[in-house]
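Quick note on this note's numbering: the sequence shown kicks off at 1 and runs consecutively.
We put the CB at the ideal spot given by N, CA and C, even for glycine.
All values reported here derive from a predicted model rather than from experimental measurement.
In what follows, a single structure is set out as structure tokens and then discussed.
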Amino acid sequence: MSGDPSTRFTIDFVDGCWFALNNPDHDRVADIAGEHTDERTPIIPWSWNGGSNQIWRAEAV
Numbered sequence: 001m002s003g004d005p006s007t008r009f010t011i012d013f014v015d016g017c018w019f020a021l022n023n024p025d026h027d028r029v030a031d032i033a034g035e036h037t038d039e040r041t042p043i044i045p046w047s048w049n050g051g052s053n054q055i056w057r058a059e060a061v
């Protein structure tokens with residue numbers, strides 16, 4: 001893998017098609033700030049807590 005280490009992540013499946021985006025050390029995941037659903041809500045690194053704001057799924061648009 002190449003590039004800036006701060007942009008690297010791994011995909012770990014949580015349940016079926018749902019997954020978490022983890023940093024290489026698995027101590028932070030991609031998290032939607034404040035569990036908001038508004039467009040442009042910041043995505044921040046946060047410790048895993050299993051909340052719905054930390055699991056993702058791919059969807060065709």
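From residue i to residue j, what distance separates their C-alpha atoms?
{"i": "W56", "j": "F19", "result": "5 Å"}
{"i": "F9", "j": "S47", "result": "14 Å"}
{"i": "D25", "j": "I44", "result": "16 Å"}
{"i": "E59", "j": "N23", "result": "22 Å"}
{"i": "G51", "j": "V14", "result": "11 Å"}
Given a threshold of 16 other Cβ atoms within 10 Å of its Cβ, counted over all protein chains shown, does residue i qualify as buried or as exposed?
{"i": "D38", "result": "exposed"}
{"i": "V29", "result": "buried"}
Measure the Cβ-Cβ separation of residue i and residue j and say whether it is below 8 Å.
{"i": "L21", "j": "I11", "result": "yes"}
{"i": "N49", "j": "E35", "result": "no"}
Within the segment 25-53, note down every full beta strand (DSSP E) run reaching 3 residues or more, in order along the chain. 29-32, 43-46
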